[in-house]
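Reviewing the structure listed below.
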Amino acid sequence: MKRREFITFIGSTVAWPLAARAQQPAMPVIGVLSAGSPDVANPDIDAAFERGLAERGYVVGRTVTIERRWARGNYDRLPELAQELVRLNTALIVVGGNVVALAARRATSTIPIVFTIASDPVKLGLAKSFAHPGGNATGISIMTATLTLKRLELIRELLPQNPSVGFLVNPDNQDLLLEIEDVARSTGRSLKVAKARNPDDLEPAFAQLVSAQVGAVLVSNDAFFLSQRVQLVALAKRHSLPATYEFRDFPAIGGLMSYGPSLAGTFQKVGTYAALILKGTQPGDLPIQQPTAFELVINSATARSLGIQIPPSLLLRADEVIE
Numbered sequence: 001m002k003r004r005e006f007i008t009f010i011g012s013t014v015a016w017p018l019a020a021r022a023q024q025p026a027m028p029v030i031g032v033l034s035a036g037s038p039d040v041a042n043p044d045i046d047a048a049f050e051r052g053l054a055e056r057g058y059v060v061g062r063t064v065t066i067e068r069r070w071a072r073g074n075y076d077r078l079p080e081l082a083q084e085l086v087r088l089n090t091a092l093i094v095v096g097g098n099v100v101a102l103a104a105r106r107a108t109s110t111i112p113i114v115f116t117i118a119s120d121p122v123k124l125g126l127a128k129s130f131a132h133p134g135g136n137a138t139g140i141s142i143m144t145a146t147l148t149l150k151r152l153e154l155i156r157e158l159l160p161q162n163p164s165v166g167f168l169v170n171p172d173n174q175d176l177l178l179e180i181e182d183v184a185r186s187t188g189r190s191l192k193v194a195k196a197r198n199p200d201d202l203e204p205a206f207a208q209l210v211s212a213q214v215g216a217v218l219v220s221n222d223a224f225f226l227s228q229r230v231q232l233v234a235l236a237k238r239h240s241l242p243a244t245y246e247f248r249d250f251p252a253i254g255g256l257m258s259y260g261p262s263l264a265g266t267f268q269k270v271g272t273y274a275a276l277i278l279k280g281t282q283p284g285d286l287p288i289q290q291p292t293a294f295e296l297v298i299n300s301a302t303a304r305s306l307g308i309q310i311p312p313s314l315l316l317r318a319d320e321v322i323e
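What follows is the structure in C-alpha cells.
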C-alpha cells in the first residue's frame with residue numbers, strides 16, 4: 001500500500017467511530033414538574049418511579065436522565081417552570097396534582113405528559129375518555145372525591161360522638177374543592193372549609209377550624225399539602241384535632257389516620273407508563289388507570305395522645321396499625 005493510501009485508510013478508520021458516536025441519539029430526558037420542594041421530597045416515591053422505568057429497561061443515569069423543576073409551594077410559578085421543561089425539549093413530562101397537570105398541558109400539546117391527579121381527567125379537559133385519552137396526556141386518576149366520602153365515614157366511625165368536620169383545601173385546586181362540596185351535600189351535611197395555598201396560610205387555616213369548633217379535619221389530596229405533611233401533622237397535634245389524610249405518608253410521621261391508594265404503587269405505574277412512551281407508545285393510546293387497592297392506616301400512638309379509643313371493628317379492617 002502506498003504511503004498516501006495508508007494515511008487515508010488510517011484516517012478513515014479513526015473518523016468512522018467518531019462519526020458513528022456523534023450520530024447516536026442523546027440520552028432521553030424526563031422532565032418532572034412538582035408543586036413541592038426538594039428538601040421535602042419523598043425518596044420512596046422517587047424510588048418507585050425508577051422501579052417502574054427499570055421494569056421496561058430504563059435506568060436513571062445510564063439510559064435516561066431526569067430534569068426536575070420545583071414550585072416550592074408557589075402554584076403561580078408552575079406555568080413558567082412548565083415552559084422551562086418544554087424549552088429543554090424533554091422526551092416527556094411527569095406531573096402530580098390537578099393544578100400541576102393543567103399547567104403542563106397548557107405549556108405543551110405535543111410533548112407527552114404522564115400525570116397523577118385527584119379528579120376526573122375528562123372533566124378537567126386532560127383527556128377525551130379514560131379508555132382512549134387521545135391527545136398528549138395520560139396517567140393515573142385517584143378520584144379523590146369518591147375517597148372523601150369513605151374518609152368521612154371512617155372519621156365518624158372513629159369518633160362516635162359524630163363531630164362536625166372541617167376540610168382543608170388549597171383554593172388554587174378549585175376543581176377538587178367543587179367536587180368535595182358536592183360530596184358534602186350528598187351526605188346532607190356541610191363541611192366547614194379552611195383554605196391554604198402556601199406554608200404561611202396553614203397556621204391561620206387551623207386557627208380558623210379551631211374557632212369553628214370542628215371536631216375533626218379532612219386534609220385534601222393536594223400536591224402542596226403532601227409537601228407540607230410535617231407541618232400539617234404538627235399543627236393537628238398542637239391543636240388536638242383528629243385529622244385524616246389520603247396517604248400513608250401522614251400517619252407514618254404521626255398523623256392519625258389515612259385512607260387511599262399507595263403512593264409508591266401509583267408512581268411505579270407512572271414510571272411504567274413513562275417507559276412505554278419512551279419506547280414509542282403514544283400517550284393517547286394508554287388508558288388512564290385508577291387505583292384498585294386502598295389502604296387504611298391508623299397511628300394508634302396518636303389516637304392515644306388524643307384520648308381516642310379505636311373501635312375493634314376499625315382495627316380489624318386496618319391494613320396497618322402504627323404503634
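Start counting the sequence shown at 1; every next residue gets the next number (our numbering).
From the three backbone atoms N, C-alpha and C, an ideal C-beta is built for every residue, glycine too.
The structure displayed is predicted, hence computed values, not measured ones.
In this chain, leucine 88 is not harboured by any alpha helix (DSSP H), its DSSP state being neither H nor E. In the three-state scheme derived from DSSP, where H, G and I count as helix and E and B as strand, phenylalanine 167 is classed as strand. For isoleucine 288, there is no enclosing alpha helix (DSSP H), as DSSP gives it neither H nor E. For methionine 27, no pairing in a beta bridge is given by DSSP. For the stretch 134-160, the full-length beta strand (DSSP E) segments reaching 3 residues or more read 137-141 along the chain. The beta carbon of glutamine 208 lies closer than 6 Å to those of Ala194 in the same chain, with the five residues before and after it left out. Under the Cβ criterion (8 Å, minimum of three pairs), the stretch 235-247 counts as touching the stretch 298-315. In the DSSP assignment, leucine 296 forms a beta bridge with Tyr259.
By DSSP's assignment, serine 109 forms no beta bridge with any residue.
With at least 16 other beta carbons inside 10 angstroms of its own, methionine 257 counts as buried. When DSSP states are grouped into helix, strand and coil, phenylalanine 130 belongs to the coil group. One alpha carbon belongs to alanine 236, the other to aspartate 201, and they sit about 14 Å apart.
Around the beta carbon of threonine 272, 16 or more other beta carbons sit within 10 angstroms, so the residue counts as buried. When the alpha-carbon of leucine 168 is set against those of Val210, Glu295, Leu154 and Glu157, the nearest one is in Val210. The Cβ atoms of proline 287 and proline 112 do not sit closer than 8 Å to each other. Between isoleucine 117 and glycine 135 the beta-carbon gap is near 14 Å, outside 8 Å, which marks them as no contact.
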